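J.: Read left to right, the sequence shown gives residues 4 to 383 (our numbering).
We put the CB at the ideal spot given by N, CA and C, even for glycine.
As the structure is a prediction and not an experimental result, all values here were calculated from the model.
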Amino acid sequence: MLKFSSARLIALVVILLGIFLVYYSLKDYELIERERYNGFSSQVVQGRYSILQEFLKRMDMDVKRHIRVTSIKELRSNQGTMFLGILPDRYSEDEIKAILGWVEQGGHLIINAEIAKYYYDEVVENSILNNFNISREYIPYDDRVESDATAIKLSEKTYELAYGYEHTAISISEPDRLISSDDNSQKFIQIKYKKGLVSVFSSTEFLMNNQIIENDHALFSYDLFSLNNPEGKVWLVEQPRMPHFTDLIWDYYRNVVISCGVLLLFFLIWLGRRFGAIITDENTYSRSLIEQIHAAGIFAVKTKSLNSLVVRVRKDLRRKIERKHPSIAFDSDCDVIGEIAKITHLDRKDVEFAFNYKMAHQQIEFLNIIKALHKIGKLI
Numbered sequence: 004m005l006k007f008s009s010a011r012l013i014a015l016v017v018i019l020l021g022i023f024l025v026y027y028s029l030k031d032y033e034l035i036e037r038e039r040y041n042g043f044s045s046q047v048v049q050g051r052y053s054i055l056q057e058f059l060k061r062m063d064m065d066v067k068r069h070i071r072v073t074s075i076k077e078l079r080s081n082q083g084t085m086f087l088g089i090l091p092d093r094y095s096e097d098e099i100k101a102i103l104g105w106v107e108q109g110g111h112l113i114i115n116a117e118i119a120k121y122y123y124d125e126v127v128e129n130s131i132l133n134n135f136n137i138s139r140e141y142i143p144y145d146d147r148v149e150s151d152a153t154a155i156k157l158s159e160k161t162y163e164l165a166y167g168y169e170h171t172a173i174s175i176s177e178p179d180r181l182i183s184s185d186d187n188s189q190k191f192i193q194i195k196y197k198k199g200l201v202s203v204f205s206s207t208e209f210l211m212n213n214q215i216i217e218n219d220h221a222l223f224s225y226d227l228f229s230l231n232n233p234e235g236k237v238w239l240v241e242q243p244r245m246p247h248f249t250d251l252i253w254d255y256y257r258n259v260v261i262s263c264g265v266l267l268l269f270f271l272i273w274l275g276r277r278f279g280a281i282i283t284d285e286n287t288y289s290r291s292l293i294e295q296i297h298a299a300g301i302f303a304v305k306t307k308s309l310n311s312l313v314v315r316v317r318k319d320l321r322r323k324i325e326r327k328h329p330s331i332a333f334d335s336d337c338d339v340i341g342e343i344a345k346i347t348h349l350d351r352k353d354v355e356f357a358f359n360y361k362m363a364h365q366q367i368e369f370l371n372i373i374k375a376l377h378k379i380g381k382l383i
């Protein structure tokens with residue numbers, strides 16, 4: 004009873020102490036608001052031009068994002084603006100054919116002509132730009148010049164765009180076709196293409212998430228996407244920021260993948276040698292111990308060796324008796340038969356018959372002796 008009361012007292016003290024701590028903690032507790040930067044939202048992280056997409060939507064434009072040109076079902080329309088945010092050497096012949104056909108009917112095409120930085124001095128020819136007689140050139144690192152702002156004319160208006168260090172320069176073989184451009188026609192070129200309009204930039208970094216709010220980028224982007232676009236339709240063709248894992252493996256470790264495939268093929272061919280039905284070894288029949296004893300007994304009977312069997316059984320029983328009853332020794336002068344009869348409660352004649360009877364090769368006598376020995380072995 005004392006132990007139970009002590010436990011209740013300790014529990015009460017712990018509860019009161021907990022209530023006091025909670026009250027003391029909440030006595031001066033006050034809710035306050037704090038701002039914490041969590042980085043870009045999940046929507047922005049989806050693509051490099053997600054903020055541009057949201058901005059144009061808020062300007063009452065119908066903006067849709069695609070990862071390939073062939074997925075644009077409304078491409079039959081001759082109205083709207085298409086922005087190719089993917090590097091210009093990543094389009095298939097079918098996509099290029101669809102793009103050119105759409106521009107010819109009056110669409111406005113915006114191209115990012117930037118050379119991928121990992122190409123370095125190697126310039127990859129681009130069939131899209133070739134159709135407009137526009138070429139591009141890689142600018143080595145030592146020849147790059149940083150500019151705070153580049154003046155660009157668009158529809159009689161001048162805008163300032165921040166380009167920074169650019170590694171791509173564009174040029175046109177027919178300057179008379181120019182509608183708008185920068186001062187040197189190296190960063191922005193705009194030309195007519197049949198009924199449509201084509202705007203080519205050496206880089207569209209100023210339209211990306213971290214640059215769209217700088218300088219005149221937002222205003223320029225709205226005016227640019229509004230050209231030849233009375234219905235306000237915009238298609239942003241942009242590759243997801245992070246390529247698929249399989250695409251990365253194929254682009255950068257293609258030789259490793261092919262080598263592993265060849266090794267796997269040879270391994271499967273090597274395994275093919277083991278195909279087919281399993282050939283089992285011939286199992287040798289092994290008799291049980293009882294069958295062997297039975298066979299040995301039959302052999303002994305047929306060869307008149309019953310006496311030797313009786314002798315062996317008697318020896319085994321003697322050893323068993325001496326182990327269990329050390330006072331009994333068959334080699335001594337003591338009355339062993341009497342001692343065994345006393346322990347087993349058997350008649351002395353039966354014990355004498357089991358141990359001392361001399362058999363005259365009779366099967367019946369053999370069976371009686373074995374039975375007597377077996378009975379003694381169980382009772383001893």
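Round the Cβ separation of Q193 and I182 to the nearest angstrom and send it over; I've been treating them as touching at under 8 angstroms.
T.: On the sequence shown, residue 193 is found 190 positions in, with the first residue counted as 1. On the sequence shown, residue 182 is found 179 positions in, with the first residue counted as 1. Contact holds; Cβ gap of about 5 angstroms.
J.: Taking 8 angstroms as the cut-off, decide whether the C-beta atoms of H166 and T153 are in contact.
T.: Your numbering for residue 166 matches position 163 in the sequence shown. Your numbering for residue 153 matches position 150 in the sequence shown. What sits at residue 166 in the sequence shown is Tyr, not His. Result yes, Cβ atoms of Y166 and T153 sit closer than 8 angstroms.
J.: Report back the beta-carbon spacing between W238 and M85 to the nearest angstrom; my notes put them in contact at under 8 angstroms.
T.: Counted from its first residue, the sequence shown places residue 238 at position 235. Counted from its first residue, the sequence shown places residue 85 at position 82. Yes, they are in contact, since the Cβ atoms of W238 and M85 sit about 5 angstroms apart, within 8 angstroms.
J.: Just mark V260 as buried or exposed, buried being the case when its beta carbon has 16 or more other beta carbons within 10 Å.
T.: Indexing the sequence shown from 1 puts residue 260 at position 257. It counts as exposed.
J.: Starting from the Cα of G83, find the closest Cα among Q108, S95, I175 and give me that residue.
T.: For the purposes of this step, residue 83 is identified with residue 80 of the sequence shown, where counting begins at 1. Nearest option by C-alpha distance: Q108.
J.: Pull up the CB-CB distance for D250 and K160, whole angstroms please, since I reckon it's below 8 angstroms.
T.: Here the question's residue 250 lines up with position 247 in the sequence shown. Here the question's residue 160 lines up with position 157 in the sequence shown. That belief does not hold up - the Cβ atoms of D250 and K160 are roughly 40 angstroms apart, past 8 angstroms.
J.: Looking at the structure shown, is E98 part of a helix, part of a strand, or coil, going by DSSP?
T.: Translated into the one-based positions of the sequence shown, residue 98 becomes position 95. Note: E98 maps to helix in three-state DSSP.
J.: Are at least three pairs of beta-carbons, each pair with one atom in the stretch 208-219 and one in the stretch 50-59, less than 8 angstroms apart?
T.: Yes, the stretch 208-219 touches the stretch 50-59.
J.: Identify, in the order they occur along the chain, each residue of the same chain with its Cβ nearer than 8 angstroms to the Cβ of D65, setting aside the five sequence neighbours on each side.
T.: Walking along the sequence shown from the start, residue 65 turns up at place 62. Excluding residues within five positions, the ones whose Cβ falls inside 8 angstroms are E234, G235, K236, V237.
J.: May I ask which residues mark the beginning and end of the alpha helix (DSSP H) holding L164?
T.: On the sequence shown, position 161 is the one that residue 164 refers to. No alpha helix (DSSP H) holds L164; the beta strand (DSSP E) holding it covers 160-164.
J.: What are the start and end residues of the alpha helix (DSSP H) that includes E57?
T.: Here residue 57 is taken as the residue at index 54 of the sequence shown, counted from 1. First-last of the alpha helix (DSSP H) with E57: 53-61.
J.: One question on the structure: do I131 and I99 come within less than 8 angstroms of each other, judged by their Cβ atoms?
T.: Walking along the sequence shown from the start, residue 131 turns up at place 128. Walking along the sequence shown from the start, residue 99 turns up at place 96. A contact, by the Cβ cut-off of 8 angstroms.
J.: Taking the alpha-carbon positions, what's the L222 to L87 distance?
T.: Here residue 222 is taken as the residue at index 219 of the sequence shown, counted from 1. Here residue 87 is taken as the residue at index 84 of the sequence shown, counted from 1. Taking the straight line from one Cα to the other gives about 19 angstroms.
J.: Return the Cβ separation of I379 and V354 in integer angstroms, given the expectation that the two are a contact with Cβ distance under 8 angstroms.
T.: The count along the sequence shown starts at 1 and reaches residue 379 at position 376. The count along the sequence shown starts at 1 and reaches residue 354 at position 351. At roughly 7 angstroms, the Cβ-Cβ gap stays under 8 angstroms, so I379 and V354 are in contact.
J.: Pull up the CB-CB distance for V72 and V201, whole angstroms please, since I reckon it's below 8 angstroms.
T.: As a working note, residue 72 is residue 69 in the sequence shown. As a working note, residue 201 is residue 198 in the sequence shown. Going by Cβ atoms, the distance from V72 to V201 rounds to 15 angstroms, so no, they are not a contact pair.
J.: How should S9 be labelled, buried or exposed, when 16 other C-beta atoms within 10 angstroms of its C-beta is the threshold for buried?
T.: Along the sequence shown, read from residue 1 onward, the residue named residue 9 stands at position 6. So S9 counts as exposed.
J.: Quick one, are the C-beta atoms of L382 and L349 less than 8 angstroms apart?
T.: For the purposes of this step, residue 382 is identified with residue 379 of the sequence shown, where counting begins at 1. For the purposes of this step, residue 349 is identified with residue 346 of the sequence shown, where counting begins at 1. Their beta carbons are under 8 angstroms apart, which means L382 touches L349 by this criterion.
J.: Rounded to the nearest angstrom, what separates F358 and T347 at their Cα positions?
T.: Looking up residue 358 in the sequence shown gives position 355. Looking up residue 347 in the sequence shown gives position 344. Those two C-alpha atoms are separated by around 14 angstroms.
J.: Under the DSSP definition of a beta bridge, which residues are partnered with E140?
T.: By 1-based counting over the sequence shown, the position of residue 140 is 137. In the DSSP output, where bridge partners are listed per residue, E140 has A172.
J.: Counting C-beta neighbours from all protein chains within 10 Å, is the total for A172 16 or more, i.e. buried, or is it exposed?
T.: Indexing the sequence shown from 1 puts residue 172 at position 169. Classification of A172: buried, given that the 10 Å Cβ count is 16 or more.
J.: Closest by CA to K156, which one among S184, D336, R139?
T.: Looking up residue 156 in the sequence shown gives position 153. Comparing Cα-Cα distances from K156 to each of S184, D336, R139, the minimum goes to S184.
J.: Using CA coordinates, which residue listed in F23, F58, S335 is at the minimum distance from H220?
T.: Residue numbering aside, residue 220 sits at position 217 when the sequence shown is read from its first letter. Measuring from the Cα of H220, the nearest candidate turns out to be F58.
J.: Just to confirm the assignment, what range does the alpha helix (DSSP H) spanning T249 have?
T.: Translated into positions along the sequence shown, residue 249 becomes position 246. Segment 248-255, the alpha helix (DSSP H) holding T249.
J.: Alpha carbon to alpha carbon, what distance is there between P178 and F1?
T.: Outside the shown range of the chain, which is 4 to 383, sits residue 1, and nothing can be said about it.
J.: Mind checking whether I324 and I343 have CB atoms under 8 angstroms apart?
T.: Numbered from its first residue, the sequence shown carries residue 324 at position 321. Numbered from its first residue, the sequence shown carries residue 343 at position 340. Contact: yes.
J.: Roughly how many angstroms separate the alpha carbons of N187 and I175, rounded to a whole number?
T.: Taking the sequence shown and counting its residues from 1, the one referred to as residue 187 is at position 184. Taking the sequence shown and counting its residues from 1, the one referred to as residue 175 is at position 172. Distance between the alpha carbons of N187 and I175: 11 angstroms.
J.: Please state if the CB of G199 and the CB of L112 are separated by a distance shorter than 8 angstroms.
T.: Mapped onto the sequence shown, residue 112 falls at position 109. Mapped onto the sequence shown, residue 199 falls at position 196. Yes. Within cutoff.
J.: Report the rounded CA-to-CA distance for I22 versus E33, giving the unit in angstroms.
T.: Locating residue 22 in the sequence shown gives position 19, counting from the first residue. Locating residue 33 in the sequence shown gives position 30, counting from the first residue. In a straight line, the C-alpha of I22 is about 19 angstroms away from that of E33.
J.: What residues are listed by DSSP as bridge partners for N115?
T.: Position 112 of the sequence shown holds residue 115. Answer by DSSP bridge pairing, in chain order: F204.
J.: Thinking C-beta only, is M362 closer than 8 angstroms to F356?
T.: Locating residue 356 in the sequence shown gives position 353, where the first residue counts as 1. Locating residue 362 in the sequence shown gives position 359, where the first residue counts as 1. For F356 and M362, no; Cβs fall outside 8 angstroms.
J.: Looking at the strands, I want to know which residues DSSP matches up with Q193.
T.: For the purposes of this step, residue 193 is taken as residue 190 along the sequence shown, with counting starting at 1. Q193 is bridged to S183, S202.
J.: Buried or exposed: where does D334 fall if 16 or more other Cβ atoms within 10 Å of its Cβ makes it buried?
T.: Here residue 334 corresponds to residue number 331 of the sequence shown, with the count starting at 1. Label assigned to D334: exposed.
J.: Is the beta carbon of F204 less than 8 angstroms from the beta carbon of A116?
T.: Locating residue 204 in the sequence shown gives position 201, where the first residue counts as 1. Locating residue 116 in the sequence shown gives position 113, where the first residue counts as 1. Cβ atoms of F204 and A116: closer than 8 angstroms.
J.: Tell me which same chain residues have a C-beta within less than 6 angstroms of the C-beta of Y196, skipping the five on either side of it?
T.: Against the sequence shown, residue 196 aligns to sequence position 193. Only V106 meet the Cβ criterion.
J.: For a cutoff of 8 angstroms on Cβ pairs, would you count S183 as touching chain E?
T.: No chain E appears in the structure shown, which is made up of a single protein chain.
J.: Less than 7 angstroms between C-beta atoms, sequence neighbours within five positions excluded: which residues of the same chain meet that for Q56?
T.: For the purposes of this step, residue 56 is identified with residue 53 of the sequence shown, where counting begins at 1. Same-chain partners within the cutoff: V66, R68, L239.
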